[in-house]
Amino acid sequence: MSFTVPQLISNIKSYACPHVYPLRVVWPPARRSAVCIVLFVGKYGELRVLLTKRSRQLNNFSGHVSLPGGKSDNDQETDWEVARRESKEEIGLPYDEELTKQGLTVEKLNTMPFYLSRTFLSVRPVVCFLHRQDDRFGVIKDIKFLLNPGETASIFSIPLLDLIDQNAKKEYLKKTISHYKWGRLRWPIKHFFYPTKNVNEVPWLDDVLDLSSDEEFDFADGLNVENTRTEIKDLWGLTAQILFDLANIAVGNPSRNYIGNENLIYGLTEFGGQMGQRARSDWESAMIANKRGVYYDDVLPQHIFKSIVDEFKL
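Counting in UniProt numbering, the sequence shown runs from 1 upward without gaps.
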């Protein structure tokens, strides 16, 4: 079944993000983070999502493909304020006044449930739609981005529906799906390998200066593709999972798997004594380092842990 951009946007807007727990429990003030999922119409009329490659200068997840985003500055900031501020700081996505001058707007569509990051942040994905003011589903002719060299090496886009194989022709070179055990939970790991030079990219992203140094490029060696010297970008981990979940929401199938990690975050904050301070606890630090013999059920009651284990089997 094929989907039009209006159908996809409508499904995303109508998604009912569950609100089971108090905000302070699943988005604890000391560990608040948000990412900005910027959707737009590609040159062939497809729905695309904006991605960045993080600078090698960063301490955490350097060189990784990610969504614009970061930590809250204080507990008064909303998820939308964090997402917009970070997208402005990292990639220069203009605020409303400047966008209006360019005949564009960023429309907030929805939010997704909270996810737990590997560094024990609670991450709120905020979904927005970048579009023309005179034609909501028309192709954007031009927009100027300015990358922050201390945070962002490059910017690019992919079709959202690539993540769930809805597109007849995929833009990635290869994908892999596996699982790994972290803290006795079975975490899904998806990799989507995209060529750095993509003929399907919109011109206004191709025009953004790539700040990657020569040693920052990854190549397709070992991917079993025709040209092993093709420069690639590897979309994986939490970013890939969030977009996989959003793609399922967009096609009207949000129940395909459990979305987010709110039950786990709830267990850690309310029963596990974790995520209450900015500094990581000894247990959190050991988990981040993947220390042998350290597990989630060290801090979670068994009845909570068992329900979360079942959830991770979905």
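Beta carbons are placed, not taken as given, at the ideal position from N, Cα and C, and that holds for glycine. Please read these numbers as outputs of a predicted model, since none were measured by experiment.
- Judged by DSSP in its simplified three-state form, G70 adopts strand.
- Contact between P113 and P18 holds: their C-beta atoms lie close to 6 Å from each other, under 8 Å.
- DSSP places I143 in the coil class of the three-state scheme, outside both helix and strand.
- Bounds of the alpha helix (DSSP H) holding T239 are 237-250.
- DSSP, read as helix, strand or coil, puts L264 in helix.
- Residue burial is scored here from C-beta neighbours: N110 has at least 16 other C-beta atoms within 10 angstroms and is therefore classed as buried.
- The Cβ-Cβ distance between I308 and L264 falls below 7 Å.
- The beta carbon of V26 is closer than 7 Å to those of F114, S122, E262, I265, Y266 in its chain, skipping five residues each way along the sequence.
- A straight line joining the alpha-carbon of K108 with that of R292 spans about 42 Å.
- In the DSSP assignment, V25 falls within the unbroken alpha helix (DSSP H) covering 23-26.
- Bridge pairing for A279: absent [DSSP].
- For L99, no beta strand (DSSP E) run applies; the uninterrupted alpha helix (DSSP H) run containing it begins and ends at 96-101, by DSSP.
- Note on geometry: alpha-carbon atoms of K174 and L51 lie some 18 Å from one another.
- Annotated three-state conformation of I259 is coil, per DSSP.
- Of all C-beta pairs linking the stretch 189-200 to the stretch 275-291, fewer than three are shorter than 8 Å, placing the two stretches out of contact.
- Taking C-beta separations shorter than 7 Å and ignoring five residues to either side along the sequence, the partners of L99 in its chain run T105, V106, following chain order.
- With 16 or more other CB atoms across the displayed protein chains lying within 10 angstroms of its CB, G272 is buried.
- With 16 or more other CB atoms across the displayed protein chains lying within 10 angstroms of its CB, K53 is buried.
- Nearest in C-alpha terms to G92, of all of C36, L185, I232, is C36.
- Counted as a single uninterrupted DSSP element, the alpha helix (DSSP H) harbouring E89 occupies residues 79-91.
- Taking the CA atoms as reference points, V82 sits about 32 Å from R184.
- Setting aside the 5 residues that flank it on each side, Y95 is surrounded in the same chain by R84, K88, each with a C-beta closer than 8 Å to its C-beta; the list follows chain order.
- Looking at the backbone, the Cα of I158 and that of N200 are separated by about 9 Å.
- Rounded to the nearest angstrom, the gap between the Cα atoms of R132 and V126 is 20 Å.
- Nearest neighbour of G69 by Cα position, chosen from V139, V41, S33, E46, turns out to be S33.
- Judged by their CB atoms, L8 and A250 are nearer to each other than the 7 Å cut-off.
- Secondary structure of K169 (DSSP, three-state): coil.
- Under the three-state reduction of DSSP, R31 is assigned to helix.
- In terms of Cβ geometry, Y296 and K233 do not form a close pair [threshold 7 Å].
- Taking C-beta separations shorter than 6 Å and ignoring five residues to either side along the sequence, the partners of I177 in its chain run K190, following chain order.
- With a cutoff of 7 Å on beta-carbon distance, C128 and V208 are scored as not near each other.
- Taking every protein chain shown into account, the CB of P28 has 16 or more other CB atoms within 10 angstroms, so this residue is buried.
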